[in-house]
Ligand code: AMP
Ligand code: TRP
């Protein structure tokens, strides 16, 4: 039985400051996956404008996120790095999939409820259909694996639902045109699919990095307190000072993971240390169990500075030459377009649209 070639797709929004959560929850995972998969990494500027953005900040941020990818070790020659708006097929496929997704599914999206806040009537239509654009991003490359942080789990489930409904709605047309791949259904049978059901990759000790000021809140670009997050552009002094000021409880660290229950700040710092050091929480506690926070924070700050300071320095070097970054994006977009266009041509044929062959 044929299967879909394995491919990774993931994206980061160019909004505000990239932080340690983006780095540990997403970008470092991507760096590892490069050795095993063909990867497509996208700066999702169309997603960014679902909430208001200052145009100059947006431009700067697109280049800065690209620089962060490169500085972290993403290989833009072997893989594909580009910004979403340069490949029109993302928006085009999103439209078709808007007609596949159901309003009832969208109404369950918790991130929309959080981002729209109390005055939902005033949220943009784009913010509402944001998860469909995200499904289009992944499906345009018929990606099979999507590494993300925990907060994107629901959006990926929606992407799977959209892919499955499209495959079902158009089975006959997919078959008639010979565009399908037989897929196991889970009930022992097989069904013809044009889109694979993308699998989320959410693993490791830092799938949800929390705020340094409040262990119950996610570390976020939009938190008004800069002390709540470590930005990828922070220098060594800022990193050390934010870790020193991080909220903790008065007890020493436990020697077992079970002892982190009900201690969100301790759990978060141990998780960050583990991720930075390529360890598990157990291993960290084997070394630092019963240590005072002052000792542990010192070790954590050293570890964080050792990893992040060279990345910040390299980002600074890269953003000083915007033309070179734009050239990387243009090259990535050209290669992305070839794949996305082929997918989109198939979608048009399946849906029954008339198109210019070999445009
Ligand atoms: P965003 O900045 O919302 O575009 O997120 C980009 C990537 O970083 C996604 O894969 C998110 O799941 C991940 N991410 C964002 N915030 C965190 C966090 N606090 N902890 C872990 N992963 C995160
Ligand atoms: N919504 C994701 C976030 O905010 C970013 C994103 C857009 C994405 N398209 C994607 C992630 C496709 C993975 C795959 O984090």
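In my numbering, the protein residues as written are 23 to 381.
Ideal Cβ placement from N, Cα and C applies to all residues, glycine included.
Every value quoted in this text rests on a predicted model; they were computed, and no experiment measured them.
Annotation for residue 167: the continuous beta strand (DSSP E) segment containing it runs 167–169.
In this structure, the alpha-carbon of residue 60 lies about 22 Å from that of residue 175. When C-beta atoms of the segment 216–230 are compared with those of the segment 45–60, three or more pairs fall below 8 Å, so the two segments count as touching. Beta-bridge partners of residue 64 (DSSP): 33 and 104. Taking the Cα positions, residue 339 is about 25 Å away from residue 244.
Between the segment 155–173 and the segment 106–126 there are three or more C-beta pairs closer than 8 Å, enough to call the two in contact. In the structure shown, the three-state DSSP call for residue 299 is helix. In this structure, residue 133 sits near residue 177, with a CB-CB distance shorter than 8 Å. Of the residues 118, 236, 35 and 212, the one whose Cα lies closest to the Cα of residue 80 is 35.
In terms of Cβ geometry, residue 298 and residue 329 form a close pair [threshold 8 Å]. The beta carbons of residue 181 and residue 160 sit about 5 Å from each other, so the pair counts as a contact at 8 Å. Only residues of its own chain outside the window of five on either side were considered, and among them 154 and 184 have a CB closer than 6 Å to the CB of residue 123, listed in chain order. Contact between residue 302 and residue 288 fails: their C-beta atoms lie close to 16 Å from each other, not under 8 Å.
Using a Cβ distance threshold of 8 Å, residue 172 and residue 229 count as a contacting pair. For residue 165, the closest of 32, 236 and 359 by C-alpha to C-alpha distance is 32.
Relative to the Cα of residue 116, the nearest Cα in the group 378, 370 and 377 belongs to 370. Taking the C-beta atoms as reference points, residue 234 is found nearer than 8 Å to residue 249. Here the segment 254–274 makes no contact with the segment 208–220; the two share fewer than three CB pairs at distances below 8 Å. When DSSP reads this structure, residue 212 sits in a beta bridge with 206. Distance from the C-beta of residue 65 to the nearest heavy atom of the ligand TRP is not below 7 Å. Contact between residue 26 and residue 218 holds, with the beta-carbon distance rounding to 4 Å and staying under 8 Å. Counting along the chain, no alpha helix (DSSP H) covers residue 46, and no H or E run does either. Collapsing the DSSP output to three states places residue 153 in a helix. In this structure, residue 85 has its beta carbon at no less than 7 Å from each heavy atom of the ligand AMP. Residue 136 sits in a helix when the DSSP states are folded into three classes. Counting along the chain, residue 344 sits inside the alpha helix (DSSP H) bounded by residues 344–373. Contact between the segment 71–79 and the segment 351–369 is absent: fewer than three C-beta pairs spanning the two stretches fall below 8 Å.
Residue pairing by DSSP places residue 221 opposite 167 in a beta bridge. In the DSSP assignment, residue 88 falls within the alpha helix (DSSP H) that extends over 77–94. At least one heavy atom of the ligand AMP sits closer than 7 Å to the Cβ of residue 171. In this structure, 347 is the residue among 347, 141 and 231 with its C-alpha nearest to the C-alpha of residue 93. CA-to-CA, the gap between residue 95 and residue 333 works out to about 9 Å. Cβ-Cβ distances below 8 Å link residue 112 to 68, 106, 155, 158, 159, 162 and 362 in the same chain, with the five nearest sequence neighbours on each side left out; the list follows chain order. Exposed is the label assigned to residue 376, since fewer than 16 other Cβ atoms lie within 10 Å of its Cβ. A straight-line Cα-Cα distance of about 28 Å links residue 63 and residue 379. About 7 Å separates the CB atoms of residue 266 and residue 323; that is less than 8 Å, so the two are in contact.
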